[in-house]
């Protein structure tokens, strides 16, 4: 299977690889996936406490080229967004941007999960309650 | 960056066709284009002679009789013919077949098919080093057992089964022994009669011959083995496999067998040194593991896990320069890592981190030097990107983490 130009570009020059201090109060960390499944993504956001905007984002990923490209792209998109805006990033946006084939859609799902997990971690640390919009069915 | 030659270290998938083989095939496409079954004219006689000669060349490589060689379209067909053909031919004797979990899909899927047709199949587990347990094998044999089918050498790890010992057990219990010897024939000595193998499948394109032609060895005496044909038609190949013979392919197959017979030992000696160097240099890196028994293994193969790095991603760092294959299949259709490695008790995480290197006749010292450099670079790069490598380095026990499996 051949990879798209955009996947290759992100794979060769991954953006924002690295580690933020996971213990810092203004850092949210999302760790998703499992080594047994061949994908582990760690995505971190650093929030500017004055403005509430995401100031920095970093990732490290164990996985195939598409998984690395998906997380690299996610960090690019996260920077400069508010948490609410960041939470609206949909996996299909990533699929479209990177031209991922159907067999690699799970990589984009993982990236979306990682974003959500990082936001959730930040909110929990800072005691931020979010109004739950979805109704839970029994 | 300097332009490098694309290095091919995936010879277990297929080998390049030796130019000497190609040369012998060419006349049989046009000048000598006859059908080997045409008995009434020169074209047919010429083709028949060429097929007879190739059959002799292959028989010599196996130290067998020419009549014991049946041509097919490849090892998959031979495996199908052996299993289905024996199951049908020996139905009165029993319906039980023994094989192993780490066999090729051509065996496993054929067995699945036979289960639907009423066969009982035992899939032996293998030990951590990839070898079957002889005690397990013997314990699995029962009065209804008609066939044991175990591969000579494994495609993913190169591990060679204890063929002679397996054959002895089969003989003791009067059970036929088939071996998928696709990865072994032409590379190591594979003499079925001497070892006690009654049926053996193999193919030209894994031994520097052309694709699309294979063969099955069928013992003609002590015991005289018969299989029910799976392809009906003109009754070619002693009635076991109908269909016009692929004359150019067979001619090439014969030449490949002749070259293998002459050069196998020197190729094996050279390649095992290169393989050992590649393996030693790569396993100098931290957290690597060689998969499979290193003492009973094909001379040109090594399978290595690079912990905390995913195989497909790793391959992407060097696949502009080196062609290898990985035990990781990262697609939504199959998130499953290599069943061969998992069958050997390797964790899914390590199976996802594995790369198979298979050298061949045309692999050079320089190829191996470059592969060492590029793979090391790739592993280091991917580890920089890997969160689990970072955790490992920080002393985190990865088994204690609650992963969100997906």
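Protein chains in written order, with the numbering used here: chain X, -6 to 131; chain A, 60 to 465.
By construction, the Cβ of each residue, glycine as well, lies at the ideal position given by its N, Cα and C atoms.
Give the range of the beta strand (DSSP E) segment to which residue 78/X is assigned.
Locating residue 78/X in the first chain gives position 85, counting from the first residue. Taken as a continuous stretch (DSSP letters only), residue 78/X belongs to no beta strand (DSSP E), being part of the alpha helix (DSSP H) at 76 to 79.
How about residue 12/X: is its C-beta nearer than 9 Å to some C-beta of chain A?
Walking along the first chain from the start, residue 12/X turns up at place 19. Yes, because at least one Cβ of chain A sits closer than 9 Å to the Cβ of residue 12/X.
With a CB to CB cut of under 7 Å and the five nearest residues on each side skipped, what residues in its chain are close to residue 135/A?
On the second chain, position 76 is the one that residue 135/A refers to. Answer for residue 135/A: 165, listed in chain order.
Using a Cβ-Cβ cut-off of 9 Å, state whether residue 137/A counts as contacting chain C.
Going by chain labels, chain C is absent from the structure shown, which instead holds the protein chains X and A.
Do residue 84/X and residue 104/X have their CB atoms nearer than 9 Å?
As a working note, residue 84/X is residue 91 in the first chain. As a working note, residue 104/X is residue 111 in the first chain. Cβ atoms of residue 84/X and residue 104/X: closer than 9 Å.
By Cβ distance, which residues of its chain are closer than 8 Å to residue 109/X, with the 5 residues on each side in sequence left out?
Looking up residue 109/X in the first chain gives position 116. Excluding sequence neighbours, residue 109/X sits near 23 and 80.
Closer than 8 Å between beta carbons: that is the criterion. Which residues of the stretch 403 to 437 of chain A meet it against chain X?
406, 407, 408 and 411
Please name the residue in 115/X, 82/X, 100/X and 44/X whose C-alpha comes closest to that of residue 20/X.
Residue 20/X sits at position 27 when you count from the first residue of the first chain. Residue 20/X has its Cα closest to that of 115/X, out of 115/X, 82/X, 100/X and 44/X.
Cβ shell of residue 56/X (< 6 Å), same chain only, five flanking positions each side left out
On the first chain, residue 56/X is found 63 positions in, with the first residue counted as 1. Taken in chain order, the residues that qualify are 32.
Just mark residue 67/A as buried or exposed, buried being the case when its beta carbon has 16 or more other beta carbons within 10 Å.
Counting from one through the second chain, the residue named residue 67/A turns up at place 8. Per the 10 Å Cβ criterion, buried.
Mind checking residue 123/X: buried by the 16 CB within 10 Å criterion, or exposed?
Along the first chain, read from residue 1 onward, the residue named residue 123/X stands at position 130. Exposed, because fewer than 16 other Cβ atoms sit within 10 Å of the Cβ of residue 123/X.
For residue 236/A: DSSP bridge partner residues
Along the second chain, read from residue 1 onward, the residue named residue 236/A stands at position 177. DSSP output for residue 236/A lists 207/A as bridge partner(s).
From what residue to what residue does the beta strand (DSSP E) around residue 275/A run?
Looking up residue 275/A in the second chain gives position 216. 273 to 277 is the extent of the beta strand (DSSP E) around residue 275/A.
Three CB pairs or more closer than 8 Å across the stretch 85 to 98 of chain A and the stretch 253 to 265 of chain A
no
Within the same chain, show all residues whose beta-carbon is closer than 6 Å to that of residue 179/A, passing over the 5 residues directly before and after it, in chain order.
Looking up residue 179/A in the second chain gives position 120. These residues qualify, in order along the chain: 154 and 155.
Could you give the first and the last residue of the continuous beta strand (DSSP E) run that contains residue 182/A?
Taking the second chain and counting its residues from 1, the one referred to as residue 182/A is at position 123. It spans 179 to 183 - the beta strand (DSSP E) in which residue 182/A sits, taken as one unbroken run.
Listing by chain order, which chain A residues have their CB less than 7 Å from the CB of residue 25/X?
Start at 1 with the first residue of the first chain, and residue 25/X comes out as number 32. What residue 25/X touches in chain A: 463.
Which bits of chain X does residue 444/A rub up against, with CB to CB less than 7 Å?
Counted from its first residue, the second chain places residue 444/A at position 385. Near residue 444/A (Cβ distances below 7 Å), the residues of chain X are 7, 10, 53, 54 and 61.
What are the residues that DSSP puts in a beta bridge with residue 34/X?
Numbered from its first residue, the first chain carries residue 34/X at position 41. 25/X and 54/X.
Exposure of residue 54/X, with buried meaning 16 or more beta-carbon neighbours within 10 Å
Here residue 54/X refers to the residue found at position 61 of the first chain. Residue 54/X comes out buried.
Cross-chain neighbours of residue 58/X in chain A, by beta carbon under 8 Å
Position 65 of the first chain holds residue 58/X. In chain order: 371, 372 and 375.
State the Cα-Cα distance for the pair residue 128/A and residue 447/A, rounded to the nearest angstrom.
The residue you call residue 128/A lines up with position 69 of the second chain. The residue you call residue 447/A lines up with position 388 of the second chain. When rounded, the distance between both Cα atoms is 52 Å.
My output table needs one value for residue 39/X: the three-state DSSP class, helix, strand or coil.
Working through the first chain from its first residue, we reach residue 39/X at position 46. Of the three classes helix, strand and coil, the one that applies to residue 39/X here is strand, per DSSP.
What did DSSP end up calling residue 415/A once you bin it into helix, strand or coil?
For the purposes of this step, residue 415/A is identified with residue 356 of the second chain, where counting begins at 1. Strand, per DSSP.
Which residues in the same chain have their Cβ closer than 7 Å to the Cβ of residue 92/X, if we skip the five residues on either side of it in sequence?
Here residue 92/X is taken as the residue at index 99 of the first chain, counted from 1. Cβ within range, chain order: -3 and -1.
Alpha carbon to alpha carbon, how far is residue 140/A from residue 301/A? Give it in angstroms, no decimals.
Within the second chain, numbered from 1, the residue matching residue 301/A stands at position 242. Within the second chain, numbered from 1, the residue matching residue 140/A stands at position 81. Rounded to the nearest angstrom, the two C-alpha atoms are 12 Å apart.
C-beta neighbour in chain X for residue 317/A, strict 9 Å
Residue 317/A sits at position 258 when you count from the first residue of the second chain. Cβ-Cβ to chain X under 9 Å: no for residue 317/A.
Taking the beta strand (DSSP E) that residue 364/A falls in, what are its first and last residues?
Numbered from its first residue, the second chain carries residue 364/A at position 305. Note, residue 364/A: beta strand (DSSP E), 360 to 365.
Hey, would you say residue 193/A sits closer than 9 Å to residue 236/A, going by beta carbons?
Here residue 193/A refers to the residue found at position 134 of the second chain. Here residue 236/A refers to the residue found at position 177 of the second chain. Result no, Cβ atoms of residue 193/A and residue 236/A do not sit closer than 9 Å.
For residue 146/A, the three-state DSSP class (helix, strand or coil)
Numbered from its first residue, the second chain carries residue 146/A at position 87. If DSSP states are grouped into helix, strand and coil, residue 146/A belongs with the helices.
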